[in-house]
Structure formats: C-alpha cells, structure tokens
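Okay, structure coming up:
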C-alpha cells in the first residue's frame, strides 16, 4: 500500500502561523505584510492555535469530545 501524502486544506501561511504560535513567537514575527492575503492566513493560524492553547490551560488538558446523544451535531 502506498503511503498517502498529507493534504493541506488551508494555504501554507496558515500552517506557518500555527507553527510560530506553538514555538512561542509573537504576532509581530509574521513574514508577510499586514494587509495581504497571506498575512491574514498567517494571523488566522496564529489565533487558532492561541485559542486552542488558552482552552487547554483553562480546562487543564485538551478539549474532550461531546458525549453521544447530547444534541451535538458532531455526534
């Protein structure tokens, strides 16, 4: 069986922003201009990771999946 390549859903700038936030870098370290499309994607990745990290610290761990049958659309 052939190994499958990871399919990127978002532009590369999004994943670069996520990686910078996970490394503890600040928002000002983005390599793109402030009012560019890539700059927006980079910032979106940075903010998404920031929200995930802040949620983990508030709940003392990663988010738990919703219980089956609780009315969640994801269940």
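Numbering (our numbering), first residue to last: 1 to 75.
For each residue, glycine too, the CB sits at the ideal point set by N, CA and C.
(1) Which term fits residue 13, buried or exposed, when burial requires 16 or more other beta carbons within 10 angstroms of its beta carbon?
(2) Cα separation between residue 16 and residue 56?
(3) Over the uninterrupted alpha helix (DSSP H) stretch that includes residue 12, give me the two end residues.
(4) Determine the burial state of residue 26: buried for a count of at least 16 other Cβ atoms within 10 Å of its Cβ, exposed for fewer.
(5) In this structure, does DSSP put residue 45 in helix, strand or coil?
On the basis of the supplied data:
(1) buried
(2) 21 angstroms
(3) 12 to 22
(4) exposed
(5) helix
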